[in-house]
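S.K.: Per our numbering, the very first residue in the sequence shown carries number 2; after that it's consecutive.
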Amino acid sequence: MSLPVRLLAPSLLSADFAHLARDMARVEAYSGMMHVDVMDGHFVPNITLGPPVVQCLKAATSLPLDCHLMIENPGRYLKAFAKAGATYLSVHQEACPHLHRTVQGIREEGMRPGVAINPATPVDSLEVILPDLDFVLVMSVNPGFGGQKFLPASLEKISKLRKMAQARGLDLAVQVDGGVTRETLPALLDAGAHWFVAGSAIFGAPDPTAAAKELADMMGFRRS
Ligand code: DX5
Ligand code: ZN
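1) Looking at the unbroken alpha helix (DSSP H) that takes in Pro53, where does it start and where does it end?
2) Using three-state DSSP, classify Asp17 as helix, strand or coil.
3) With which residues is Met71 paired in a DSSP beta bridge?
4) Would you check if there are 3 or more beta carbon pairs closer than 8 Å linking the region 99-108 to the region 128-138?
5) Are the region 140-158 and the region 105-116 in contact at 8 Å, needing three or more beta carbon pairs?
6) Let me know the alpha helix (DSSP H) ranges lying completely inside the region 82-154, each 4 residues or longer, listed in chain order.
7) Between the beta-carbon of Ala96 and the beta-carbon of Phe136, is there less than 9 Å?
8) Would you identify the three-state DSSP class for Asp208, choosing helix, strand or coil?
9) Say yes only if the C-beta of Met71 is nearer than 8 Å to one or more non-hydrogen atoms of the ligand ZN, and no if none qualify.
10) Can you grab the Cα-Cα spacing for the pair Ala192 / Thr185, in whole Å?
11) Can you tell me whether DSSP reads Pro187 as helix, strand or coil?
12) If we ignore side chains and look at the alpha-carbon of each, how far apart do Lys84 and Ser32 end up?
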């Protein structure tokens, strides 16, 4: 896969945690990566999973794993996630006082680095780090839970990031996470996002395969 291409990244947060392999298999044909939400109960109120589960997911899918760390001190866990099999790893700007060091650490561990920003964090805060990143994750809800309402202010952040990357000649992918549905997708495509994380719109649907296919079709994504 070359960067950046439009793709669907199903978020396993809304899948059945007792049947993750089954749920991944249902959507794999329409997905470019699997999005794994790691929450610690400190940076966000919710608690989910860690490297041992990521290692099991890695064995159960051929797709790259995209781990979104919503945790404090993410730098402490880079080695563990690399060992577990993460391909893409994003850390939150708000959780990293030494963001440059953390991003370098992700690359040194052989993963592709991304930085996630909360709804209230401006894209300008990434100006200096942008050339070191493979992707930026724009949160279009407050992190911590699936099924929240899309915040439209993220659209302007996405187009601004695209412009910043273009002006610098960077191969940066812009990922959007939160409230991605068939209703919000057209505006996100217009804004120029590349990677679309969707949880409840897929795994909350009666037929997750059909839901993933519909979203992938809308973004013109095909597995090659
Ligand atoms: C929220 C997570 C998302 C979540 C999105 O903090 O980062 O990945 O699964 O869920 P939906 O698509 O339901 O908004
Ligand atoms: Zn996420």
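Here a beta-carbon is modelled for each residue, glycine too, at the ideal position from N, C-alpha and C. All values reported here derive from a predicted model rather than from experimental measurement.
M.R.: A quick look at the data gives this:
1) Residues 52-61.
2) coil
3) Met40
4) yes
5) In short, these stretches do not touch, since the Cβ pair count stays below three.
6) For the region 82-154, whole alpha helix (DSSP H) runs of length 4 or above, ordered along the chain, are 100-109.
7) It is not a contact, given that the beta carbons lie outside the stated cut-off.
8) Residue state, collapsed to three classes: coil.
9) yes
10) For Ala192 and Thr185, the distance between alpha carbons rounds to 11 Å.
11) helix
12) The alpha-carbon atoms of Lys84 and Ser32 are separated by roughly 23 Å.
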